[in-house]
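To keep things clear, I will list the structure first and then write my remarks on it.
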Amino acid sequence: AQSVTQLGSHVSVSEGALVLLRCNYSSSVPPYLFWYVQYPNQGLQLLLKYTSAATLVKGINGFEAEFKKSETSFHLTKPSAHMSDAAEYFCAVSDQGGFQKLVFGTGTRLLVSP
Amino acid sequence: NAGVTQTPKFQVLKTGQSMTLQCAQDMNHNSMYWYRQDPGMGLRLIYYSASEGTTDKGEVPNGYNVSRLNKREFSLRLESAAPSQTSVYFCASSELRDIFYEQYFGPGTRLTVT
Numbered sequence: 001a002q003s004v005t006q007l008g009s010h011v012s013v014s015e016g017a018l019v020l021l022r023c024n025y026s027s028s029v030p031p032y033l034f035w036y037v038q039y040p041n042q043g044l045q046l047l048l049k050y051t052s053a054a055t056l057v058k059g060i061n062g063f064e065a066e067f068k069k070s071e072t073s074f075h076l077t078k079p080s081a082h083m084s085d086a087a088e089y090f091c092a093v094s095d096q097g098g099f100q101k102l103v104f105g106t107g108t109r110l111l112v113s114p
Numbered sequence: 001n002a003g004v005t006q007t008p009k010f011q012v013l014k015t016g017q018s019m020t021l022q023c024a025q026d027m028n029h030n031s032m033y034w035y036r037q038d039p040g041m042g043l044r045l046i047y048y049s050a051s052e053g054t055t056d057k058g059e060v061p062n063g064y065n066v067s068r069l070n071k072r073e074f075s076l077r078l079e080s081a082a083p084s085q086t087s088v089y090f091c092a093s094s095e096l097r098d099i100f101y102e103q104y105f106g107p108g109t110r111l112t113v114t
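Chains L and G, in that order, are what the protein sequence lines are. Going by the numbering used here, 104 is the number at position 104 of the first sequence; the sequence numbering is gapless. Going by the numbering used here, 102 is the number at position 102 of the second sequence; the sequence numbering is gapless.
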């Protein structure tokens, strides 16, 4: 069975500071990995994905994530936080191939202060 | 192009009442999903429909039924609502992009069962 662990239910940063949201996965088969963002009172939106091509993937809004198989991690980073980045972020994992169902982590709420 | 739409946006039910949550997508996607989102638990898959005419249980199907009415519509029914079903419900649809299924989410239905 696949699972995702997101460390830290809340992360607070100042505007302009580095953003680091942690995600570790467990999967018995090669995974696809995703980060989704949820703004208040909205549905989830795909931020970026790892599908076994490049291990460093870039997404929208300046976010990127690096797949590290040895550490079973897929941490999300952004060099400089913006107030508009305040949202909840979910890491998710699925099988490769066939019909893919997502298994989500519990989410990390990013708070950005001026 | 409205994407994924859900009705209603908000609903309050008494214990034992029934209701159907409606979901429709106009992107011609084959696959559709129902999730529930609870604080501290991320999103959990209730049911999914890989293609028109098929439905399958997800992680938390108890107390729910679904109908894939046609390619566009996928409804979720609560036959006898319980307080434990108080949650935010998200519908999603997906299409195959190269090698992975990108899911698109609706805005959610906030359900309270008293």
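We put the beta carbon where it would ideally sit given N, CA and C, even for glycine.
Just the C-alpha distance for residue i and residue j, rounded to the nearest angstrom, thanks.
| i | j | result |
| --- | --- | --- |
| Pro-61 of chain G | Gln-85 of chain G | 11 Å |
| Ala-65 of chain L | Val-29 of chain L | 20 Å |
| Phe-105 of chain G | Pro-114 of chain L | 30 Å |
| Ala-54 of chain L | Leu-110 of chain L | 26 Å |
| Leu-47 of chain L | Gln-17 of chain G | 38 Å |
| Met-4 of chain G | Thr-108 of chain L | Strictly speaking, residue 4 of chain G in this sequence is Val, with Met absent from that position. Rounded to the nearest angstrom, the two C-alpha atoms are 24 Å apart. |
| Val-66 of chain G | Pro-39 of chain G | 24 Å |
With residue i as the anchor, note down where its beta strand (DSSP E) starts and where it stops.
| i | result |
| --- | --- |
| Phe-124 of chain G | What the structure shows of chain G is the stretch from 1 to 114, and residue 124 of chain G is not part of that stretch, so it cannot be assessed. |
| Leu-46 of chain L | 44–50 |
| Asp-95 of chain L | 87–95 |
| Asn-65 of chain G | 64–68 |
| Lys-69 of chain L | Per DSSP, Lys-69 of chain L belongs to no beta strand (DSSP E) and is neither H nor E. |
Give me the Cβ distance between residue i and residue j, rounded to the nearest whole Å; I'm assuming they're in contact under 8 Å.
| i | j | result |
| --- | --- | --- |
| Gln-6 of chain G | Gly-108 of chain G | 6 Å |
| Leu-102 of chain L | Gln-103 of chain G | 7 Å |
| Arg-68 of chain G | Met-41 of chain G | That pair is no contact at about 26 Å. |
Quick check on DSSP: helix, strand or coil for residue i?
| i | result |
| --- | --- |
| Asp-56 of chain G | strand |
| Asp-38 of chain G | strand |
| Met-83 of chain L | helix |
| Ser-18 of chain G | coil |
| Pro-83 of chain G | helix |
| Asn-24 of chain L | strand |
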